[in-house]
Amino acid sequence: MDRKVALIGCEDYNEEKVYQAVLRVVNELGGINKFVQSGQKVAIKANLLMKATPEKCATTHPSVVSAIGRLCKEVGAEVTIVDSAGGPYNAMYMNSIYKSSGMQDIAEKNGFLLNQNFNYVSVEYENGVVGKKFDILQTLYDADVIINACKLKTHAFAGFTNAVKNMFGAIPGLTKVEMHGKYRDIDTFCDFLYDIVGYFGDKIALHISDAIDAMEGEGPSNGTPRHIGVITASQDPVTLDIVGAKLINADIDKMPTLMKAKSRKLYENADCEIVGESLDNYIVKDFDVIEPNIRKPYANYVPQCMQNFVHKVMTQRPKINQKHCRGCRKCFEHCPVKAISMVDKNGKKVASIDYNKCIKCFCCQELCPFGVIKIKSGIIYRVVHANKKKRS
Ligand code: SF4
Ligand code: SF4
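For any residue, its number in the working numbering is found by taking its place in the sequence shown, counting from 1, and adding 13.
Put into structure tokens, the structure is as follows:
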């Protein structure tokens, strides 16, 4: 597999400018004919996390998906836009997301299909480390070629999301919640991510990242848009993620997906061959990065009875602003370990977290449609990270 990354600047989401940038990154890697043939079924696996407009930066921008789709159509392929959002995998929910995210408009304009097959297939992957058998979207299973059209964002659980994490959307709807319950710690969860990516293998011909406006802070759904101004692409999702982490000035050795990639010997060092433009011109030094709760370094020398307290002050956790909670129950229904209950407060039902059960997967923070679940940092975490920011 070719590990080089193509990087081209693109100042905004003007459709023609984005098309030219996507054309250039693909040409830098050998041209679209190298990856897609006439008559093939191409599934563009976008990041359609939730019902949100493109300006929120929670989803892959429609101009980027449109540019990829146009290139595929130009060589005579059939294009389907597909993802399984964080929620039920059905027509009603996904159609509302196609509409809000701008996918419906670009599909109508360019003759793309919006996935309407909400079935899934159980697959076996004998090389899987933890995922030897799992369910995937039938549309991805049936596709001849997949193009992973990801979005660069911070991610409370995984540190950041780009190419590798985006493939978690290959798992249908609420099965994702089950998987969070099954692979509770980030280490095992990352193993599962690489099992998904490994299962698809070369069928994912290209990974193309929308990093024109990324998301910083409380990603992947409630952060703040931050301009970077690039499109990147690679055949290798790990190298694309290394470049993504460099763009947001994240510590590569603290990003769980990249730590896992290293331990699985998917890369040796973080040097990447970059073609197109220089990475250095686009690194955002003061990008608001999340350092996730990776491990418990104190586990061996703090008494068991103190560990909950120490963990609380040293890490981050979700916190519900009950005053603004609308009682929609979405977090309650999706918490993989049933740590959330609906309680009476001032005459209304609001969500409440039992931190003794919470595994800090941040699914609730990701899915709350009203953005009332925030990431709360313990006091020691805040002090350590404030000092780090001053030093950088
Ligand atoms: S309360 Fe939120 S962060 Fe905690 S386990 Fe449930 S969904 Fe995950
Ligand atoms: S998803 Fe948000 S608004 Fe809905 S119940 Fe949970 S905290 Fe409240």
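Glycine is no exception: its CB is placed at the ideal position from the N, C-alpha and C atoms. All values derive from a computational prediction rather than experimental measurement.
Asked, Found
"So does Ala34 have its beta carbon nearer than 7 Å to some heavy atom of ligand 1?", "no"
"Based on Cα-Cα distance, which residue from Leu380, Val363, Cys85 and Val385 lies nearest to Gly99?", "Leu380"
"Please say whether Ile372 and Arg239 have beta carbons closer to each other than 8 Å?", "no"
"Should Gly115 be listed as close to ligand 2, given that the test is whether its C-beta is under 7 Å from any heavy atom?", "no"
"Cα-Cα, which of Leu20, Arg16 and Asp15 is closest to Gly289?", "Leu20"
"Could you spell out the range, first to last residue, of the beta strand (DSSP E) harbouring Gln329?", "Gln329 to Ile333"
"Do Lys370 and Lys351 have their C-beta atoms within less than 8 Å of each other?", "yes"
"Using only the heavy atoms of ligand 1, determine whether one of them is closer than 7 Å to the beta carbon of Pro349.", "yes"
"By alpha-carbon positions, which one of Ala34, Gly82 and Gln33 ends up nearest to Asp118?", "Gly82"
"Is it the case that the Cβ atoms of Met192 and Asn161 are separated by a distance below 8 Å?", "no"
"Looking at C-alpha atoms only, which residue of Val356, Ala120, Met14 and Ala227 is the closest neighbour of Tyr295?", "Ala227"
"With 16 as the cutoff for other CB atoms within 10 Å, does Phe170 come out buried or exposed?", "buried"
"Tell me the DSSP bridge mates of Met355?", "Ala364"
"DSSP three-state call for Asn140: helix, strand or coil?", "coil"
"Consider the C-beta atom of Cys371 and the heavy atoms of ligand 2; say whether any pair is separated by less than 7 Å.", "no"
"With 16 as the cutoff for other CB atoms within 10 Å, does Cys344 come out buried or exposed?", "buried"
"So, at 6 Å on beta carbons, what are the nonlocal neighbours of Gly141 in its own chain, with the 5 sequence-adjacent residues on each side left out?", "Asp208"
"If we ignore side chains and look at the alpha-carbon of each, how far apart do Phe125 and Glu87 end up?", "12 Å"
"Hey, Thr174 and Gly230: beta-carbon distance below 8 Å or not?", "no"
"Can you give the Cα-Cα distance for Ile184 and Ile217, rounded to whole angstroms?", "15 Å"
"By how many angstroms is the C-alpha of Ile333 removed from the C-alpha of Met355?", "12 Å"
"From what residue to what residue does the alpha helix (DSSP H) around Pro238 run?", "It is not in any alpha helix (DSSP H) - Pro238 instead sits in the beta strand (DSSP E) that spans Thr237 to Ser247."
"What would DSSP say about Cys381, mapped onto helix, strand or coil?", "coil"
"Look at the Cβ atom of Gln335, then the Cβ atom of Lys389, and state whether they are nearer than 8 Å.", "no"
"What residue from Lys145, Phe322, Gly182 and Lys146 has the CA that sits closest to Leu153's CA?", "Gly182"
"How many Å lie between Glu281 and Met14 at the Cα?", "15 Å"
"Distance check for Cys203 and Ala80, CA to CA, integer angstroms please.", "30 Å"
"Within this structure, are the beta carbons of Leu206 and Thr270 separated by less than 8 Å?", "yes"
"Taking all protein chains shown into account, decide if His337 is buried (16 or more other Cβ within 10 angstroms of its Cβ) or exposed.", "exposed"
"Is the beta carbon of Ser222 less than 8 Å from the beta carbon of Leu62?", "no"
"Between Ala156 and Pro250, how many whole angstroms is the CB-CB distance? I'm expecting something under 8 Å.", "Contact flag wrong, Cβ pair sits at about 17 Å."
"What do you get for Thr72, buried or exposed, if any count of 16 or more other CB atoms within 10 angstroms of its CB means buried?", "buried"
"Mind checking whether the beta-carbon of Val78 lies closer than 7 Å to any heavy atom of ligand 2?", "no"
"Just to confirm my understanding: we take Gln129, look at its own chain, exclude 5 residues before and 5 after, and list those with CB closer than 7 Å. What are they?", "Ala104"
"State the Cα-Cα distance for the pair Gln378 and His347, rounded to the nearest angstrom.", "11 Å"
"Do Leu219 and Gln248 come within 8 Å of each other at the CB atom, strictly closer than that value?", "yes"
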